[in-house]
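The next block holds one structure in the form of structure tokens; read it before the comments.
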Amino acid sequence: MKFVPERLEVAAGDTVVWTNRDFVPHTVTAAAAGIESGDLAEGKSFRLLAREKGEIAYLCRLHPVMRGVLIVK
Amino acid sequence: MNFARLAALAAALSFTAVALAQGKGPSDPQIAGIVVAANQIDIDAGKLAKSHSKRKDVQDFAQQMITDHSAVNKQAAALAKKLGVKPEDSDTSRSLKQAAAQTAKKLKGLKGAQFDRAYVDNEVAYHQQVLDAIDKVLVPGAQNAELKALIVKVRPAIAAHLEHAKHLQGSLAKKS
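Take a look at the structure:
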């Protein structure tokens, strides 16, 4: 169980889409940045417009060992 | 000619060796039985922890075990139905259930921090045991490609559970 890739660099204004390819639900959660996808069932996606530059560390709220970083340049 | 016969004999012998090795391991219906039993055990332990623990992190973990292992069993049941395989009991599934019954009995007698520690310690040991079984018995033993693929697909979830349980074990040790 992990985010693939765990580290992603995008440009400000890009839209990032996470899709759950696992058979158990996952989330994309960054409480500090106010990001919460809600539970994503298998095959479901979450879209995020990366507006501000910076680094967003996120995790799966259900499986906190799953961690990722989104870098907005 | 002699050489050819020797080669044929050697081939026959190695065939026997493979057949014997296969005879020792569990059959596909038994592997399906082990998968179902192993998941059900952790679902039941999760339910026990949800009703016994007062800590949110332990309860959240327990809920996750219920959700994830139920999802695995749903997939396993669907595959077994598709393949026409009826999960069978074996010495392995029986000993898993027996050990789980003893653990549950022990856990039910504990409260508070003692319960949390015992539950989480057991989850660490249990997921390690399941990972070992996946690597050493279930994946090498599964004959059907789809059954093997399902077990391979489940492995990362078990590894993540183990990591999560170890993390929880660490935070329980710190606070008490």
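Order-wise, the sequence lines are chains S and G.
Residues 111 to 183, numbered by our numbering, are exactly what the first sequence covers, in order.
Residues 1350 to 1525, numbered by our numbering, are exactly what the second sequence covers, in order.
From the three backbone atoms N, C-alpha and C, an ideal C-beta is built for every residue, glycine too.
#1: Less than 8 Å between the CB atoms is what I'm expecting for arginine 171(S) and threonine 139(S), so what's the real figure, rounded?
#2: May I ask you to verify whether the segment 1470-1488 of chain G touches the segment 1415-1424 of chain G, counting CB pairs closer than 8 Å and requiring at least 3?
#3: Quick check on the DSSP output: what are the complete beta strand (DSSP E) runs of length 3 or more inside the segment 126-157 of chain S, in order along the chain?
#4: For alanine 122(S) and aspartate 149(S), I'd like the C-alpha separation in whole angstroms.
#5: Using the three-state DSSP reduction, which class does glutamate 1512(G) fall into: helix, strand or coil?
#6: Label leucine 1445(G) either buried or exposed according to how many other C-beta atoms from any shown protein chain fall within 10 Å of its C-beta, with 16 as the threshold for buried.
#7: What residues of chain G sit near valine 138(S), judged by a beta carbon separation below 7 Å?
#8: When you compare the CB of phenylalanine 133(S) with every CB in chain G, is at least one pair closer than 8 Å?
#9: Who are the Cβ neighbours of isoleucine 1415(G) in its own chain at under 6 Å, not counting the five residues just before and after it?
#10: With 8 Å as the limit, tell me which residues of the segment 150-179 of chain S have their beta carbon closer than that to any beta carbon of chain G; keep them in chain order.
#11: Who are the neighbours of threonine 1452(G) on chain S, taking C-beta pairs under 7 Å?
#12: Are the C-beta atoms of threonine 1416(G) and some chain S residue less than 8 Å apart?
#13: Return the residue from the list Ala1494(G), Ala1508(G), Arg1504(G) that minimises the CA-CA distance to leucine 1432(G).
#14: Would you mind reading off the limits of the beta strand (DSSP E) that contains arginine 177(S)?
#15: Determine the direct distance from the alpha carbon of valine 1503(G) to that of lysine 1423(G), and round the result to whole angstroms.
#16: Is there contact between the segment 1446-1464 of chain G and the segment 165-179 of chain S, where contact requires at least three CB pairs shorter than 8 Å?
#17: By the three-class DSSP mapping on this structure, what secondary structure does proline 115(S) have?
#18: Could you confirm whether any beta carbon from chain S is found closer than 8 Å to the beta carbon of glutamine 1413(G)?
#19: Please name the residue in Leu1496(G), Gln1408(G), Gln1379(G), Gln1389(G) whose C-alpha comes closest to that of alanine 1462(G).
#20: Among Val1501(G), Leu1428(G), Phe1464(G), Ala1448(G), which residue has its Cα nearest to the Cα of arginine 1404(G)?
#21: Identify, in the order they occur along the chain, each residue of the same chain with its Cβ nearer than 7 Å to the Cβ of leucine 159(S), setting aside the five sequence neighbours on each side.
#22: Suppose contacts are defined by Cβ-Cβ distances below 8 Å. Is alanine 1411(G) in contact with valine 1473(G) by that definition?
#23: Using a C-beta cutoff of 8 Å, does histidine 1476(G) count as contacting chain S?
#24: Going by DSSP in three states, leucine 169(S) sits in which element: helix, strand or coil?
#25: Please report the distance separating the alpha-carbon of alanine 1453(G) from that of histidine 1401(G).
#26: Straight-line CA distance for leucine 1496(G) to proline 1489(G)?
Checking against the coordinates, here is how it stands:
#1: Locating residue 171(S) in the first sequence gives position 61, where the first residue counts as 1. Locating residue 139(S) in the first sequence gives position 29, where the first residue counts as 1. Yes, they are in contact, since the Cβ atoms of arginine 171(S) and threonine 139(S) sit about 4 Å apart, within 8 Å.
#2: no
#3: none
#4: In the first sequence, the residue the question calls residue 122(S) occupies position 12. In the first sequence, the residue the question calls residue 149(S) occupies position 39. Roughly 26 Å separates the two Cα atoms.
#5: Translated into the one-based positions of the second sequence, residue 1512(G) becomes position 163. Note: glutamate 1512(G) maps to helix in three-state DSSP.
#6: Numbered from 1 along the second sequence, position 96 holds the residue referred to as residue 1445(G). Leucine 1445(G) is buried by the Cβ-count criterion.
#7: Residue numbering aside, residue 138(S) sits at position 28 when the first sequence is read from its first letter. In chain order: nothing, as chain G lies at least about 16 Å away.
#8: Numbered from its first residue, the first sequence carries residue 133(S) at position 23. At least one chain G Cβ lies under 8 Å of phenylalanine 133(S).
#9: Taking the second sequence and counting its residues from 1, the one referred to as residue 1415(G) is at position 66. Cβ within range, chain order: Ile1392, Gly1395.
#10: Leu172, His173, Pro174, Val175, Met176
#11: The residue labelled residue 1452(G) in the question sits at position 103 within the second sequence. Neighbours of threonine 1452(G) on chain S: none; closest Cβ ~23 Å, over 7 Å.
#12: Locating residue 1416(G) in the second sequence gives position 67, counting from the first residue. Yes - at least one Cβ of chain S is within 8 Å of the one on threonine 1416(G).
#13: Taking the second sequence and counting its residues from 1, one reaches residue 1432(G) at position 83. The residue with the shortest Cα to Cα distance from leucine 1432(G) is Ala1494(G).
#14: The residue given as residue 177(S) occupies position 67 in the first sequence. Arginine 177(S) -> beta strand (DSSP E) spans 177-182.
#15: Position 74 of the second sequence, counted from the start, is the residue given in the question as residue 1423(G). Position 154 of the second sequence, counted from the start, is the residue given in the question as residue 1503(G). Using only the alpha carbons, I get a separation of about 12 Å.
#16: no
#17: For this step, residue 115(S) is matched to residue 5 along the first sequence. Coil, per DSSP.
#18: Start at 1 with the first residue of the second sequence, and residue 1413(G) comes out as number 64. Yes, glutamine 1413(G) counts as interfacial toward chain S.
#19: Against the second sequence, residue 1462(G) aligns to sequence position 113. Of Leu1496(G), Gln1408(G), Gln1379(G), Gln1389(G), the residue nearest in Cα terms is Gln1408(G).
#20: For the purposes of this step, residue 1404(G) is identified with residue 55 of the second sequence, where counting begins at 1. Closest option to arginine 1404(G), Cα to Cα, is Phe1464(G).
#21: Against the first sequence, residue 159(S) aligns to sequence position 49. Here the set comprises Thr125.
#22: Position 62 of the second sequence, counted from the start, is the residue given in the question as residue 1411(G). Position 124 of the second sequence, counted from the start, is the residue given in the question as residue 1473(G). Not in contact: alanine 1411(G) and valine 1473(G) (Cβ atoms no closer than 8 Å).
#23: Numbered from its first residue, the second sequence carries residue 1476(G) at position 127. Not closer than 8 Å to any Cβ of chain S, the Cβ of histidine 1476(G) fails to qualify, so no.
#24: Position 59 of the first sequence, counting from 1, holds the residue named residue 169(S). It is a strand residue.
#25: One-based indexing of the second sequence puts residue 1453(G) at position 104. One-based indexing of the second sequence puts residue 1401(G) at position 52. If you take the alpha carbons of alanine 1453(G) and histidine 1401(G), they lie about 12 Å apart.
#26: Along the second sequence, read from residue 1 onward, the residue named residue 1496(G) stands at position 147. Along the second sequence, read from residue 1 onward, the residue named residue 1489(G) stands at position 140. If you take the alpha carbons of leucine 1496(G) and proline 1489(G), they lie about 11 Å apart.
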